[in-house]
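Engineer: Pasting a structure below so you can have a look.
There are 2 protein chains.
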Amino acid sequence: MAREKCELTECEWAILQTVWDNQPCAAPTVQEALQNQKNWTYSTVKTMMDRMAAKGLLKTKKIRNLIMYRSAITKQQAQNSEIMRAVKRAFNGALTPMMQFLIDNKNLSKKQLSELDAMIKSKKGAMS
Amino acid sequence: MAREKCELTECEWAILQTVWDNQPCAAPTVQEALQNQKNWTYSTVKTMMDRMAAKGLLKTKKIRNLIMYRSAITKQQAQNSEIMRAVKRAFNGALTPMMQFLIDNKNLSKKQLSELDAMIKSKKGAMS
DNA sequence: TTGCAATCTCTACAATTGTAAAGTAGTCTT
DNA sequence: AAGACTACTTTACAATTGTAGAGATTGCAA
Chain A
1236 MAREKCELTE
1246 CEWAILQTVW
1256 DNQPCAAPTV
1266 QEALQNQKNW
1276 TYSTVKTMMD
1286 RMAAKGLLKT
1296 KKIRNLIMYR
1306 SAITKQQAQN
1316 SEIMRAVKRA
1326 FNGALTPMMQ
1336 FLIDNKNLSK
1346 KQLSELDAMI
1356 KSKKGAMS
Chain B
1236 MAREKCELTE
1246 CEWAILQTVW
1256 DNQPCAAPTV
1266 QEALQNQKNW
1276 TYSTVKTMMD
1286 RMAAKGLLKT
1296 KKIRNLIMYR
1306 SAITKQQAQN
1316 SEIMRAVKRA
1326 FNGALTPMMQ
1336 FLIDNKNLSK
1346 KQLSELDAMI
1356 KSKKGAMS
């Protein structure tokens, strides 16, 4: 799987989220979809999308006079590298300490803890 | 606790790590300590540290002709906001899905899963 | 066929980040 | 007191990120 190393900026995340949901789609579509969250003009969105295409985050295909975009990375990949980035920076690359931190500091509810518990059990089961 | 909103850059992390370990310390100390990891000149380090002080990430105190730095945020705070940043961007702000992602996708070893299990249990115990 | 609407392209600009050279100043040694 | 060290200050510069105006193109509608 290519594109492991994608550190997305805030803006890139916003755009990609929209593209994932509407793909393939044109720039004006994305701009409209983001209208309420971000207040970006068409120019802004289009500029970012083209930069993202140049970086290899989006793929483009011209259909007559319309440029259609689709994402070149999956959401999973993006989520993964976002997490890895945090782990690398803040926990020296070690996952377990990060999980520990989450459990200890983010005061999860009892319900959430139980959910986690269940996830772990099911994962363990699936592994053996 | 102030300074909740600290999004650190790569460089800032490196510097802060060093400051946490040596605080209070002078810029040359930090530069030396980072010598092997990063290959930064004194100028580079000093510039960044001053910018960080301007941002409120470091505190300074002048002792005669030497400027001593200490961090203005704790490691916990920094770790926390690094995580929150990832959660916000990649998981829509929801912790549990992120944990799920970790458990499902980061192929943790059986041992790690058991550790997690233990953490959860102990946390649950401490809560009641 | 003329003009409007939609879309695209080009250009710009400020702030932030990463990086550092060069020059200044205070201090210690001889 | 002169030279050498050490640490500090000032200035700079390229790349990236966030933001967008203005003008060019094209296709449809009247």
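Quick note, the sequences are listed as chains A and B, same order.
According to the numbering used here, the first sequence is numbered sequentially starting from 1236.
According to the numbering used here, the second sequence is numbered sequentially starting from 1236.
Even glycine gets a Cβ: it sits at the ideal position worked out from N, Cα and C.
Source: prediction; values computed, not measured.
Kindly confirm or deny that the segment 1313 to 1326 of chain A and the segment 1318 to 1332 of chain B touch, where touching means at least three C-beta pairs closer than 8 Å.
Structural biologist: The segment 1313 to 1326 of chain A, when compared against the segment 1318 to 1332 of chain B, does touch it at the 8 Å Cβ threshold.
Engineer: Check whether the segment 1296 to 1303 of chain A and the segment 1251 to 1264 of chain A touch, using three or more Cβ-Cβ pairs below 8 Å as the test.
Structural biologist: Output reads yes: the segment 1251 to 1264 of chain A touches the segment 1296 to 1303 of chain A.
Engineer: Hey, does residue 1343 of chain B have any beta-carbon neighbour from chain A nearer than 8 Å?
Structural biologist: Here residue 1343 of chain B is taken as the residue at index 108 of the second sequence, counted from 1. Output row for residue 1343 of chain B: interface = yes.
Engineer: Is residue 1363 of chain B helix, strand or coil when you go by DSSP?
Structural biologist: Position 128 of the second sequence, counting from 1, holds the residue named residue 1363 of chain B. Three-state DSSP puts residue 1363 of chain B in coil, outside helix and strand.
Engineer: Within 10 Å of its beta-carbon, does residue 1272 of chain A have 16 or more other beta-carbons around it, so buried, or fewer, so exposed?
Structural biologist: Residue numbering aside, residue 1272 of chain A sits at position 37 when the first sequence is read from its first letter. By the 10 Å Cβ count, residue 1272 of chain A comes out exposed.
Engineer: With C-beta atoms as the reference, is residue 1288 of chain A less than 8 Å away from residue 1295 of chain A?
Structural biologist: The residue you call residue 1288 of chain A lines up with position 53 of the first sequence. The residue you call residue 1295 of chain A lines up with position 60 of the first sequence. It is a contact, given that the beta carbons lie within the stated cut-off.
Engineer: Expressed to the nearest angstrom, what Euclidean distance is found between the alpha-carbon atoms of residue 1245 of chain B and residue 1299 of chain A?
Structural biologist: Translated into the one-based positions of the second sequence, residue 1245 of chain B becomes position 10. Translated into the one-based positions of the first sequence, residue 1299 of chain A becomes position 64. Roughly 43 Å between the two C-alpha positions.
Engineer: Quick one: grab the DSSP three-state call for residue 1301 of chain A.
Structural biologist: Taking the first sequence and counting its residues from 1, the one referred to as residue 1301 of chain A is at position 66. Three-state result, residue 1301 of chain A: strand.
Engineer: Is it the case that the Cβ atoms of residue 1308 of chain B and residue 1283 of chain B are separated by a distance below 8 Å?
Structural biologist: Position 73 of the second sequence holds residue 1308 of chain B. Position 48 of the second sequence holds residue 1283 of chain B. Taking 8 Å as the Cβ cut-off, residue 1308 of chain B and residue 1283 of chain B do not qualify as a contacting pair.
Engineer: Under 7 Å Cβ to Cβ from residue 1242 of chain A, same chain only, skipping five residues before and after it: list those, please.
Structural biologist: As a working mapping, residue 1242 of chain A is identified with position 7 in the first sequence. Result list for residue 1242 of chain A: 1316 and 1320, in chain order.
Engineer: With distances taken between CB atoms, is the gap from residue 1358 of chain A to residue 1339 of chain B smaller than 8 Å?
Structural biologist: Within the first sequence, numbered from 1, the residue matching residue 1358 of chain A stands at position 123. Within the second sequence, numbered from 1, the residue matching residue 1339 of chain B stands at position 104. Taking 8 Å as the Cβ cut-off, residue 1358 of chain A and residue 1339 of chain B qualify as a contacting pair.
Engineer: Leaving aside the five residues before and after residue 1281 of chain A along the sequence, list all residues of the same chain whose C-beta is less than 6 Å from its C-beta, in chain order.
Structural biologist: Against the first sequence, residue 1281 of chain A aligns to sequence position 46. Contacts found: 1262.
Engineer: Keeping to the same chain, check which residues put their C-beta closer than 7 Å to that of residue 1254 of chain A; ignore five residues upstream and five downstream.
Structural biologist: Sequence index remark: in the first sequence, residue 1254 of chain A carries index 19 (1-based). Within the same chain, residue 1254 of chain A has close Cβ partners 1260, 1265, 1293, 1304, 1305 and 1306.
Engineer: Where does residue 1346 of chain A fall in DSSP's three states?
Structural biologist: Taking the first residue of the first sequence as position 1, residue 1346 of chain A is located at position 111. Three-state DSSP puts residue 1346 of chain A in a helix.
Engineer: CB residue 1314 of chain A to CB residue 1326 of chain B, shorter than 8 Å?
Structural biologist: Locating residue 1314 of chain A in the first sequence gives position 79, counting from the first residue. Locating residue 1326 of chain B in the second sequence gives position 91, counting from the first residue. Cβ atoms of residue 1314 of chain A and residue 1326 of chain B: closer than 8 Å.
Engineer: Could you check which residue in B:1328, B:1270, B:1343 and B:1363 has the C-alpha nearest to that of residue 1332 of chain A?
Structural biologist: Numbered from 1 along the first sequence, position 97 holds the residue referred to as residue 1332 of chain A. Answer by Cα proximity: B:1343.
Engineer: When the Cα atoms are used, what is the spatial distance from residue 1270 of chain A to residue 1329 of chain B?
Structural biologist: Along the first sequence, one-based indexing puts residue 1270 of chain A at 35. Along the second sequence, one-based indexing puts residue 1329 of chain B at 94. Going by the C-alpha atoms only, they are around 23 Å apart.
Engineer: Give the DSSP-derived three-state secondary structure of residue 1260 of chain B in the structure shown.
Structural biologist: As a first step, residue 1260 of chain B must be located in the second sequence, where it is residue number 25. Here residue 1260 of chain B sits in strand by DSSP.
Engineer: Check the Cβ-Cβ distances between residue 1290 of chain B and every residue of chain A, and say whether any is below 8 Å.
Structural biologist: Here the question's residue 1290 of chain B lines up with position 55 in the second sequence. Cβ-Cβ to chain A under 8 Å: no for residue 1290 of chain B.
Engineer: For a contact meaning CB atoms closer than 9 Å, what does residue 1302 of chain B contact in chain A?
Structural biologist: The sequence position of residue 1302 of chain B within the second sequence is 67, counting from 1. The premise fails here: residue 1302 of chain B is roughly 26 Å from chain A at the closest Cβ pair, so nothing lies under 9 Å.
Engineer: Tell me which residues of the segment 1253 to 1275 of chain B have at least one Cβ-Cβ distance to chain A shorter than 8 Å, keeping chain order.
Structural biologist: Within the segment 1253 to 1275 of chain B, no residue has a Cβ that lies closer than 8 Å to any Cβ of chain A.
Engineer: Could you check where the alpha helix (DSSP H) with residue 1325 of chain B kicks off and where it finishes?
Structural biologist: Within the second sequence, numbered from 1, the residue matching residue 1325 of chain B stands at position 90. From DSSP, the alpha helix (DSSP H) with residue 1325 of chain B extends over 1310 to 1326.
Engineer: Go ahead and label residue 1362 of chain B buried or exposed: buried means 16 or more other beta carbons lie within 10 angstroms of its beta carbon, across all protein chains shown.
Structural biologist: Against the second sequence, residue 1362 of chain B aligns to sequence position 127. Answer is exposed; the Cβ neighbour count stays below 16.
Engineer: Can you grab the Cα-Cα spacing for the pair residue 1247 of chain B / residue 1337 of chain A, in whole Å?
Structural biologist: Your numbering for residue 1247 of chain B matches position 12 in the second sequence. Your numbering for residue 1337 of chain A matches position 102 in the first sequence. About 22 Å.
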